[in-house]
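The next block holds one structure in the form of structure tokens; read it before the comments.
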Amino acid sequence: MVYDAQDTEYLDMYGGHAVISIGHTHPRYVKRLEDQLHKLGFYSNSIEIPIQKELAQKLGKVSGKEDYQLFLCNSGAEANENALKLASFYNGKKKVIAFSKSFHGRTSLAVAVTDNPKIVAPINETDNVIFLPWADETALEEAFKNNEISSVIIEGIQGVGGIQVASESFLQKIRSLCDEYNAVFIADSVQCGYGRTGKFFSHDFAGIDADIYSMAKGMGNGFPVGGIIISPKIQPAYGMLGTTFGGNHLACAAGLAVLETMEQDNLMQNAAEIGAYLIKELKKLEQVKEVRGRGLMIGIELPEELAHARKELLNKHHIFTGEAKPNVIRLLPALNLTKAHADRFLEAFVNVLNQ
Ligand SMILES: Cc1ncc(COP(=O)(O)O)c(C=O)c1O
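Oh and the sequence shown: position 350 is 351 in the working numbering, straight run, nothing missing.
In structure tokens:
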């Protein structure tokens, strides 16, 4: 829930852009951060910081990727920036494959692999990036043939691109081509990761392991924290990646509060169950063109004549949702959304559609 200046309550089905994973002002989160602030808010990465190890271990356990190393930074763009850079350090190659409608952030490399010319400044333009059509396995095979590919970056479910789910076979194909050509598979999990889909990483549905997973958003429940986890096949040299603020004490405390809450309150299972319920109910509505997604990452595609639905939900029913152009409503709520919340949304949505 969020409240405006007049104290009106809003149901937040947008989760502050997929960031609020355990709910606004969750008591465990508030206490963890407050306790940490009384001890130490920040110290430089030039010393060992035990709470970073604690976070790395907990993340390994909850995500199931226990043999991966963790590098911490401050945002999703920065996570992808480091992933792409590390891949190039690893295999000495320069070319990156990205996909149409992808969004990976706004810093220089991250924006270069983002398929939106409007946010790419001339200084960010590079011929090192090859954009391929989504889900085109033949084009993918062809692009690898010169053996110049350093990495492939892909969201398991495109977020900004309108909630497009990558098929299991496409992700498996990327895995096998990366193995064949010693390229690095980068799983951008900034929006579709961190338990939102019912599995820790949405790429897990394909039964594959990526070489690097980038993450941010839900990781800190609003505290700015991002990171990459790196498979044992890549061994970064000491000092290859670095940051001043990344992995600071408060960010780690926020990250631990999120993972502890996810574990103790079974939030991945909740996301799977409530998400499946929402998707099933939404698919029954004949005015809706298509429902896409997994768990609590849901896209509702509407016809042009229902383009006003989001505003009606907000103004009349006090429900926040997200959007993807042109007419997709994006649901990205906290992972502890209850069935009662889901029903409140469904009831309001049906009401909007029927008017
Ligand atoms: C899939 C994906 N990758 C990367 C980013 C960039 O994250 P940030 O805004 O934290 O830099 C986003 C942000 O929306 C995203 O959705």
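Cβ coordinates follow ideal geometry from the N, Cα and C atoms, glycine included.
Thinking just about the alpha-carbon of each residue, which of 337, 301, 345, 298 is nearest to the one in residue 26? 337
Three Cβ pairs or more, each shorter than 8 Å: is that satisfied between the region 312 to 322 and the region 169 to 184? no
Report whether the distance from the Cβ of residue 325 to the nearest heavy atom of ligand 1 is below 6 Å. no
Environment of residue 267 [buried if 16+ CB atoms lie within 10 Å]: exposed
Would you call residue 350 buried or exposed, if buried means 16 or more other Cβ atoms sit within 10 Å of its Cβ? buried
Which residue from 202, 24, 142, 259 puts its Cα closest to that of residue 273? 202
Quick check on residue 72: buried or exposed, where buried means 16 or more other Cβ atoms within 10 Å of its Cβ? buried
Among all the DSSP beta bridges, which residues are the ones paired with residue 132? 99
Counting pairs of Cβ atoms below 8 Å between the region 97 to 110 and the region 243 to 251, do you hit three or more? no
With a threshold of 6 Å (Cβ to nearest heavy atom), would residue 191 be considered close to ligand 1? yes
Can you tell me which of 102, 195, 263, 59 puts its alpha carbon nearest to the alpha carbon of residue 326? 102
Which of the three DSSP states, helix, strand or coil, is assigned to residue 254? helix
Touch test, the region 206 to 226 against the region 65 to 84, Cβ-Cβ under 8 Å, three pairs minimum: yes
Cross-strand partners of residue 74 (DSSP beta bridge): 227
Limits of the unbroken alpha helix (DSSP H) element including residue 33: 28 to 40
Which one or two residues does DSSP pair with residue 189 in a beta bridge? 156, 215
What are the complete alpha helix (DSSP H) segments, minimum 4 residues, inside the region 237 to 322? 250 to 265, 268 to 284, 310 to 316
Does ligand 1 have a heavy atom nearer than 6 Å to the CB of residue 106? yes
How would you write the range of the alpha helix (DSSP H) that residue 21 sits in, first residue to last? Premise fails: residue 21 is in no alpha helix (DSSP H) and is neither H nor E.
Suppose the cutoff is 6 Å on Cβ atoms and the five residues either side in sequence are ignored; what does the same chain contact list for residue 36 look like? none
Using the beta-carbon count (16 or more within 10 Å), is residue 218 buried or exposed? buried
Near residue 278, which residues of its chain fall below 7 Å by C-beta distance, leaving aside the five closest residues on each side in sequence? 340, 343
Is residue 129 near residue 86, with beta carbons less than 7 Å apart? no
In terms of residue numbering, what span does the alpha helix (DSSP H) encompassing residue 181 cover? 169 to 181
Using a threshold of 6 Å, is the CB atom of residue 277 nearer than that to any non-hydrogen atom of ligand 1? no
Boundaries of the alpha helix (DSSP H) in which residue 344 is found, first to last residue: 340 to 355
So, at 8 Å on beta carbons, what are the nonlocal neighbours of residue 234 in its own chain, with the 5 sequence-adjacent residues on each side left out? 212
When DSSP builds the beta bridges, which residues end up paired with residue 166? 158
Could you tell me whether the Cβ atoms of residue 80 and residue 215 are closer together than 7 Å? yes
I want to check one thing, is the minimum distance from the CB of residue 78 to the heavy atoms of ligand 1 below 6 Å? yes
Below 8 Å, how does it come out for the region 274 to 293 and the region 249 to 260: are there three or more Cβ pairs, yes or no? no
With DSSP collapsed to three states, give me the class of residue 64. helix
Below 6 Å, is the gap between the Cβ of residue 24 and the nearest heavy atom of ligand 1? no
Would you say the beta carbon of residue 99 comes nearer than 6 Å to a heavy atom of ligand 1? no
Near residue 145, which residues of its chain fall below 7 Å by C-beta distance, leaving aside the five closest residues on each side in sequence? 178, 182
Between residue 230 and residue 66, is the Cβ-Cβ spacing less than 7 Å? yes
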